[in-house]
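Q: Just so you know, we're using my numbering here: the sequence shown kicks off at 23 and counts up by one. Where a beta carbon is used, it is the ideal one built from N, C-alpha and C, also for glycine. Quick caveat, the model's predicted, so the values are computed rather than measured.
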Amino acid sequence: MTNENTNNQPIGIFGGTFNPIHNGHLRLALELYERLDLAEVRLIPSANPPHRKQPSVSSQHRLEMVQAAIAGVEGLSVDDRELRRLGLSYTVDTLSSLGKDYPQSPLCLILGMDAFLGLPQWYQWERLITLAHLLVVRRPNSLLSEKHTMYDFWKAHQASSPDDFKQQIAGTIWLEEIPALTISATQIRRIIAAGKNPRYLLPEAVLAIINTNPLYR
Ligand code: ATP
23 MTNENTNNQP IGIFGGTFNP IHNGHLRLAL ELYERLDLAE VRLIPSANPP
73 HRKQPSVSSQ HRLEMVQAAI AGVEGLSVDD RELRRLGLSY TVDTLSSLGK
123 DYPQSPLCLI LGMDAFLGLP QWYQWERLIT LAHLLVVRRP NSLLSEKHTM
173 YDFWKAHQAS SPDDFKQQIA GTIWLEEIPA LTISATQIRR IIAAGKNPRY
223 LLPEAVLAII NTNPLYR
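(1) Please classify Leu50 as buried or exposed, where buried requires at least 16 other C-beta atoms within 10 Å of its C-beta.
(2) First and last residue of the alpha helix (DSSP H) that includes Pro121?
(3) Following a CB-centred definition, is Leu44 positioned closer than 7 Å to any heavy atom of the ligand ATP?
(4) Tell me, please, which residues DSSP counts as bridged to Gln89.
(5) Give the single residue among Glu86, Leu85 and Tyr124 whose Cα lies nearest to the Cα of Gly34.
(6) What does the shell around the ligand ATP hold, if a residue joins when its beta-carbon is under 6 Å from any heavy atom?
(7) Rounded to whole angstroms, what is the Cα-Cα separation between Glu56 and Gly97?
(8) Taking three-plus beta-carbon pairs below 8 Å as touching, is the stretch 144-159 in contact with the stretch 203-211?
(9) Run the CB neighbour count on Ser167, radius 10 Å, all protein chains shown included, and call it buried at 16 or more, exposed below.
(10) Any idea what DSSP makes of Val326, helix, strand or coil?
(11) On a Cα-Cα basis, can you pick out the residue from Leu48, Ile92, Glu104 and Ala91 that is closest to Pro67?
(12) When the Cα of Ile213 is compared with those of Thr152, Tyr238 and Ser182, which residue comes out closest?
(13) Excluding sequence positions up to five away, which residues of its chain have a Cβ less than 8 Å from the Cβ of Ser85?
(14) Is it the case that the Cβ atoms of Gly134 and Val159 are separated by a distance below 8 Å?
(15) So Val228 is in the alpha helix (DSSP H); what residue range does that whole segment cover?
(16) Nearest-angstrom Cα distance between Leu54 and Ala230?
Have a look at this one:
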């Protein structure tokens, strides 16, 4: 466990295929930035996610859509390191590369509860907590059952408050309750493929890129 003292605000790390990025992703990122006093939330588009098939749209277009979505928004940034790396996009490699770039900054990996419960399937998953804190987002009224295999892992690393993220650069887990917008990229791709209008589910600037290219037809 890492226990260097730090006064820095943590950097939130939010990975995804962002195929396309939508208002569900963006609201979550912004809420976490504001509620947890993060230095920023870095959105990291995944090139070759190990757990799912290759995204239908190129890395370049997915990156362009994230850039357009967050342009001028304080607290959100985009990081293309996974797109520049060859091979599968393992989160453990991403965190270790970020740790080299920001050695004094606490990192916090943003995960939905589903992803957290599935962590044992991830490559070298036990190293993740040595490289970052885990910021697990749970839906209102959803609890982590004592029966779940990840319960003990959570208890062993449980933060007493999100301020613990500022005391060390990695090693704790905080569960934050956030109501999610019921939007998914799958739903948006289906709407477009059916020739309908996905407006208001995603930023206008992202929709403009989708329409110009055109994507998801
Ligand atoms: P798809 O429908 O293609 O599976 P998605 O909309 O779930 O895509 P991803 O890029 O796979 O988007 O998601 C990246 C991260 O964003 C994941 O951790 C996922 O849990 C989270 N996320 C996705 N949709 C929402 C939403 N509506 N609100 C909050 N978080 C979301």
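A: Let's see:
(1) buried
(2) Reading the sequence as shown, one finds Gly at residue 121 and not Pro. From DSSP, the alpha helix (DSSP H) with Gly121 extends over Thr113 to Asp123.
(3) Sequence check: residue 44 is His here, not Leu. Checking the Cβ of His44 against the ligand ATP gives yes.
(4) BP columns for Gln89 are empty, so no partner.
(5) Tyr124
(6) Gly38, Thr39, Phe40, Asn41, Gly46, His47, Leu50, Gly134, Ala137, Ala202, Leu203, Ile205, Ser206, Ala207 and Thr208
(7) 8 Å
(8) no
(9) exposed
(10) No information on residue 326 is available, as it lies outside the stretch 23 to 239 that the chain covers here.
(11) Glu104
(12) Tyr238
(13) Per the sequence shown, residue 85 should be read as Leu rather than Ser. Closer than 8 Å at the Cβ level, and outside the excluded window around Leu85, lie Pro67, Val100, Asp102 and Leu105.
(14) yes
(15) Glu226 to Thr234
(16) 27 Å
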